[in-house]
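Undergrad:
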Amino acid sequence: MIGTEKLPTNNESRAAATVRSRYNRVARFYDFEQALEEPVVFGRLRKALWADAPATGNILEVGVGTGVNMRHYPPGAKMTAIDISDRMLEKARVRAERTQVAVDLRLMDAQHMDFAGGTFDAVVTTCVFCSVPDPIAGLCEVLRVLKPGGKALLLEHVRSSNAVMGTMMDLMNPLAVRLSGANINRRTVENVRAAGFTAMDVESHMLGMVKTIRATKPK
Ligand SMILES: C[S@@+](CC[C@H](N)C(=O)[O-])C[C@H]1O[C@@H](n2cnc3c(N)ncnc32)[C@H](O)[C@@H]1O
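Going by my numbering, the sequence shown opens with residue 3, and the numbers climb by one from there.
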């Protein structure tokens with residue numbers, strides 16, 4: 003169920019408010035866009051990512067969007083999912099009801115989570131840290147809310163390490179942000195490390211523009 007709370011917009015940074023209103027705008031057509039992109043790029047990668055989530059325990063999905071990952075939730079896990087956009091969350095709530103997925107959906111900013119430290123056995127994100135305004139702050143929060151030994155599983159668009167491609171992505175980034183809300187040139191592997199994760203396994207896809215990152219919180 004979505005909590006009735008609204009984000010306190012007076013405490014919200016301007017950048018967070020911008021992301022929120024962008025995704026509120028995008029919510030109407032997100033699933034249509036996703037249906038086109040999904041079979042080509044992400045479907046197989048999402049499935050592989052979720053296969054590494056624990057079968058039981060507490061799992062948090064950060065940036066649930068419209069709930070595209072719900073079909074992969076482990077049936078034995080206690081699922082919680084957050085998003086900064088109330089319209090995306092509303093779509094997720096409808097999907098959860100339609101597909102009978104049990105998930106506690108909450109309106110929350112990944113950069114300032116309400117959960118106590120050490121709450122979750124795993125935190126999963128897909129295509130989220132390209133839009134969180136301060137990705138290192140968000141990843142520090144992921145580390146904080148994980149139990150020691152807990153897993154962070156991420157599937158993210160990142161800046162290509164190819165010099166020409168990386169520069170093109172830097173040049174195209176302002177337009178990409180305006181159109182979709184997502185930065186296409188984030189250095190998410192480096193950001194995960196900067197947040198304090200030490201043990202990390204990284205897989206590259208699509209010429210290094212998409213990465214699967216599996217990181218463990220030190221015990
Ligand atoms: C590209 S969508 C991805 C949605 C979903 N994870 C998927 O794979 O389809 C990015 C999502 O991250 C959410 N998001 C962005 N910044 C956030 C933040 N600071 N806290 C929580 N959610 C955030 C957006 O509202 C949006 O729903």
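Here a beta-carbon is modelled for each residue, glycine too, at the ideal position from N, C-alpha and C.
DSSP state of threonine 190, grouped into three classes?
TA: Here threonine 190 sits in helix by DSSP.
Undergrad: Below 8 Å, can you find three or more Cβ-Cβ pairs linking the stretch 139 to 157 to the stretch 167 to 181?
TA: no
Undergrad: Does the beta-carbon of arginine 46 have 16 or more other beta-carbons within 10 angstroms, so that it is buried, or is it exposed?
TA: exposed
Undergrad: Quick check on DSSP: helix, strand or coil for alanine 217?
TA: strand
Undergrad: Please write down, chain order preserved, every residue whose beta carbon lies under 5 Å from a heavy atom of ligand 1.
TA: Residues whose Cβ lies closer than 5 Å to any heavy atom of ligand 1, listed in chain order: Val21, Tyr25, Gly65, Gly67, Val70, Asp85, Ile86, Ser87, Met90, Asp111, Ala112, Thr128, Cys129, Val130, Ser133, Val134.
Undergrad: What number of angstroms, rounded off, separates the C-alpha of alanine 154 from the C-alpha of leucine 173?
TA: 30 Å
Undergrad: Mapping the DSSP letters down to three states, classify proline 41 as helix, strand or coil.
TA: When DSSP states are grouped into helix, strand and coil, proline 41 belongs to the helix group.
Undergrad: Under the rule that 16 or more other beta-carbon atoms within 10 Å means buried, what is valine 96, buried or exposed?
TA: The residue in question, valine 96, is exposed, as its Cβ has fewer than 16 Cβ neighbours within 10 Å.
Undergrad: Indicate the three-state DSSP secondary structure (helix, strand or coil) for phenylalanine 131 in the structure shown.
TA: coil
Undergrad: Considering only the beta carbon of each residue, do glutamate 63 and alanine 83 sit closer than 8 Å?
TA: Alanine 83 is positioned such that its CB atom lies closer than 8 Å to that of glutamate 63.
Undergrad: Is it buried or exposed for aspartate 203, if we count other Cβ within 10 angstroms and need 16 for buried?
TA: By the neighbour-count rule (16 or more Cβ atoms within 10 Å), aspartate 203 is not buried but exposed.
Undergrad: Rounded C-beta distance between glycine 119 and arginine 146? I'm assuming under 8 Å.
TA: 5 Å
Undergrad: Would DSSP call isoleucine 86 helix, strand or coil?
TA: coil
Undergrad: To the nearest angstrom, report how far apart isoleucine 61 and leucine 177 are at their CA atoms.
TA: Approximately 34 Å, taken between the alpha carbons.
Undergrad: Here's the rule I'm using: 16 or more other beta-carbon atoms within 10 Å means buried, otherwise exposed. How should threonine 101 be labelled?
TA: exposed
Undergrad: Would aspartate 116 be called buried (16 or more neighbouring beta carbons within 10 Å of its own) or exposed?
TA: exposed
Undergrad: For arginine 180, count the other beta carbons within 10 Å of its own beta carbon; 16 or more makes it buried, fewer makes it exposed. Which is it?
TA: exposed
Undergrad: Where DSSP assigns a beta bridge to alanine 124, which residues make up the other side?
TA: Ile61, Lys153
Undergrad: Mark leucine 156 as exposed unless 16 or more other C-beta atoms lie within 10 angstroms of its C-beta, in which case mark it buried.
TA: buried
Undergrad: DSSP state of histidine 159, grouped into three classes?
TA: strand
Undergrad: Have a look at Glu192, Glu158, Ala201, Ala196 and flag the residue whose alpha-carbon is nearest the alpha-carbon of methionine 208.
TA: Ranking Glu192, Glu158, Ala201, Ala196 by CA distance to the CA of methionine 208 puts Glu158 first.
Undergrad: Is alanine 196 near threonine 218, with beta carbons less than 8 Å apart?
TA: no
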